[in-house]
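Just so we're aligned, residue 1 is where the sequence shown starts under this note's numbering, counting upward by one.
Just so you know, even glycine gets a beta-carbon here, dropped at the ideal spot from N, CA and C.
Here the structure comes first, spelled out in structure tokens, and everything after it is commentary.
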Amino acid sequence: MLGLSRGKELVGLDIGSYSVKAVELKSKKKDGAEAFEVKKIGYELLPHDAIVEGTIIDSAAVVETIKMVFEENKIANKNVIISISGNSVIIKKISLPAMESQELAESIIWEAKHNIPYPYEETNVDYAILEPPAHAAGQNLDILLVAAKKDKIANYSNVISQSRKNLEGIEVDVFALQNIMEINYPEIFPDKTLAIINLGANITNVVIIEKGIPQLFRDLSLGGSFFTENLSKDLNLSFDDAEKLLKGLPVENVQPDQLQSVLNMNAQNLLEEIEKTFSFYEAGEKSDKKVEFIFLSGGLSKLKDLPGYFEQKFNIKTESLNPFRKIDFDEKKFDPMYFEEMASLFGVATGLATRKMDK
Ligand SMILES: Nc1ncnc2c1ncn2[C@@H]1O[C@H](COP(=O)(O)OP(=O)(O)OP(=O)(O)O)[C@@H](O)[C@H]1O
Ligand SMILES: [Mg+2]
Numbered sequence: 001m002l003g004l005s006r007g008k009e010l011v012g013l014d015i016g017s018y019s020v021k022a023v024e025l026k027s028k029k030k031d032g033a034e035a036f037e038v039k040k041i042g043y044e045l046l047p048h049d050a051i052v053e054g055t056i057i058d059s060a061a062v063v064e065t066i067k068m069v070f071e072e073n074k075i076a077n078k079n080v081i082i083s084i085s086g087n088s089v090i091i092k093k094i095s096l097p098a099m100e101s102q103e104l105a106e107s108i109i110w111e112a113k114h115n116i117p118y119p120y121e122e123t124n125v126d127y128a129i130l131e132p133p134a135h136a137a138g139q140n141l142d143i144l145l146v147a148a149k150k151d152k153i154a155n156y157s158n159v160i161s162q163s164r165k166n167l168e169g170i171e172v173d174v175f176a177l178q179n180i181m182e183i184n185y186p187e188i189f190p191d192k193t194l195a196i197i198n199l200g201a202n203i204t205n206v207v208i209i210e211k212g213i214p215q216l217f218r219d220l221s222l223g224g225s226f227f228t229e230n231l232s233k234d235l236n237l238s239f240d241d242a243e244k245l246l247k248g249l250p251v252e253n254v255q256p257d258q259l260q261s262v263l264n265m266n267a268q269n270l271l272e273e274i275e276k277t278f279s280f281y282e283a284g285e286k287s288d289k290k291v292e293f294i295f296l297s298g299g300l301s302k303l304k305d306l307p308g309y310f311e312q313k314f315n316i317k318t319e320s321l322n323p324f325r326k327i328d329f330d331e332k333k334f335d336p337m338y339f340e341e342m343a344s345l346f347g348v349a350t351g352l353a354t355r356k357m358d359k
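What follows is the structure in structure tokens.
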């Protein structure tokens, strides 16, 4: 989307508020079908407060971190695709009667002006037709309308050019996640209803996909940093100690039951927000809508027992989304343990890296 073309390999670069992740893939044939292998991979933490509420505040720090990810992991490819999410990105599903492309473009502009809560002039608008035009004339087209605030795009483009990389495409997190789900779970993706929940530091992306077609997108302002803040407030700890506790590491003078009660409370808040999104979807026009599988991704999804919390609340099978389930890596070059441990952090970056540009 937003100016993407196809052909040559790109580095998928996921600039989160907590960490920067980069993945480069190689295309190959496997059993006669198109497949991918990891060529390069890298991860670096960002300094605290470099990105606040989705805005890059300390661009020098972000540039330095991006450069470090590339240098330390010997990523020579400068052509990157990034993704954005949060409040400044609006995704709307609209339905329009089938029409000629010129007419369709005009209708989409009209829809964008009426559906997007920002002045049209301040946004970049793109769209994708969800289903191929129906054979029968007069049938509606389902269209995904994506509008991103221009200042958000400029904010992110700037750090890419300052990092001396070429920005070849901008996606949104939820599309990258949908992509990586499709590649890795071919036995589920085409005919089940599933929710992908990407739990980051400040944003939780939720997408509900029904038989391969996305139905609902939400970016919730929730994530691991709220857990850390509450742990530090409620248990009177430094941010670093709170972070350690969240990751399951020991911290002196903390009572396990106290810790558990703060974690439970935060997890319940998170689950309630996600429940609202599920209810909104299930209350749609068809009464038989039901999420059948939940796939978790993102740093906070590593929280101990989190899939269990989801299963208990929703009674829906919940597992971690493994972006490398069907993507190979050379065990002589990479440690399989790294992939196992880091899998939940690389959903977006790997989904981005499956996109290609013109040669
Ligand atoms: N082992 C772990 N257990 C629990 N939480 C963890 C663990 N590892 C990291 N986290 C938390 O996950 C969050 C970071 O996740 P991630 O790297 O996916 O975020 P991000 O993509 O940088 O942020 P965002 O997209 O929200 O801006 C942090 O809040 C961190 O504390
Ligand atoms: Mg993220």
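By alpha-carbon positions, which one of the options ends up nearest to residue i?
i      : options                        : result
Arg325 : Ile196, Glu72, Ser344          : Ser344
Asp288 : Tyr127, Val251, Ile15, Ser279  : Ser279
Ser83  : Glu71, Glu34, Gln178, Ser27    : Gln178
Glu229 : Pro214, Val251, Leu263, Pro250 : Leu263
Ala425 : Asn253, Asn124, Glu24          : The question about residue 425 has no answer here: the residues shown for the chain are numbered 1 through 359.
Ala147 : Gly284, Ile116, Pro250, Lys28  : Ile116
Leu237 : Gly224, Gly248, Glu252         : Glu252
Lys28  : Asp328, Thr123, Asn124, Lys211 : Asp328
Ala201 : Ser221, Trp110, Pro186, Met337 : Ser221
Gly224 : Ser163, Tyr156, Gln162, Lys302 : Lys302
Starting from residue i, trace the beta strand (DSSP E) in both directions and tell me its first and last residue.
i      : result
Glu360 : Absent from the structure is residue 360, since the part of the chain shown begins at 1 and ends at 359.
Pro307 : Note, Pro307: premise wrong, no beta strand (DSSP E); alpha helix (DSSP H) at 306–314.
Gln215 : 213–220
Pro97  : 89–97
Tyr118 : Note, Tyr118: premise wrong, no beta strand (DSSP E); not H, not E.
Ser193 : Sequence check: residue 193 is Thr here, not Ser. Element bounds for Thr193: 193–199.
In or out: residue i buried (at least 16 other Cβ within 10 Å) or exposed?
i      : result
Gln258 : exposed
Asp173 : buried
Ala105 : exposed
Tyr120 : exposed
Asp330 : exposed
Val52  : exposed
Ala154 : exposed
Ser88  : buried
Pro214 : buried
Enumerate in chain order the residues of its own chain whose CB-to-CB distance from residue i is below 7 Å, with the five nearest sequence positions on each side excluded.
i      : result
Lys290 : Thr193, Glu282
Asn205 : Ser85, Asp173, Val174, Leu177, Asn198, Asp219
Phe239 : Thr228, Ser232
Ala112 : Tyr120, Val125, Leu145, Ala147
Tyr309 : Ala267, Leu271
If you follow the alpha helix (DSSP H) that residue i is in, where does it begin and where does it stop?
i      : result
Phe70  : 59–72
Glu341 : 336–342
Val251 : Per DSSP, Val251 belongs to no alpha helix (DSSP H) and is neither H nor E.
Starting from the C-beta of residue i, find all residues in its chain whose C-beta is less than 8 Å away, skip the five residues before and the five after it, and write them out in chain order.
i      : result
Asp49  : Ile57, Asp58
Phe334 : Val38, Ile41
Write down the C-beta distance between residue i and residue j rounded to the nearest angstrom, noting that I regard them as a contact closer than 8 Å.
i      : j      : result
Tyr43  : Met342 : 6 Å
Leu46  : Val62  : 7 Å
Gly12  : Ala349 : 4 Å
Lys317 : Phe293 : 5 Å
Asn79  : Leu10  : 5 Å
Got a sec? Which residues, its chain only, sit under 6 Å from residue i by beta carbon, not counting five neighbours each side?
i      : result
Leu271 : Lys313
Asp234 : Val262
Lys304 : Gly248
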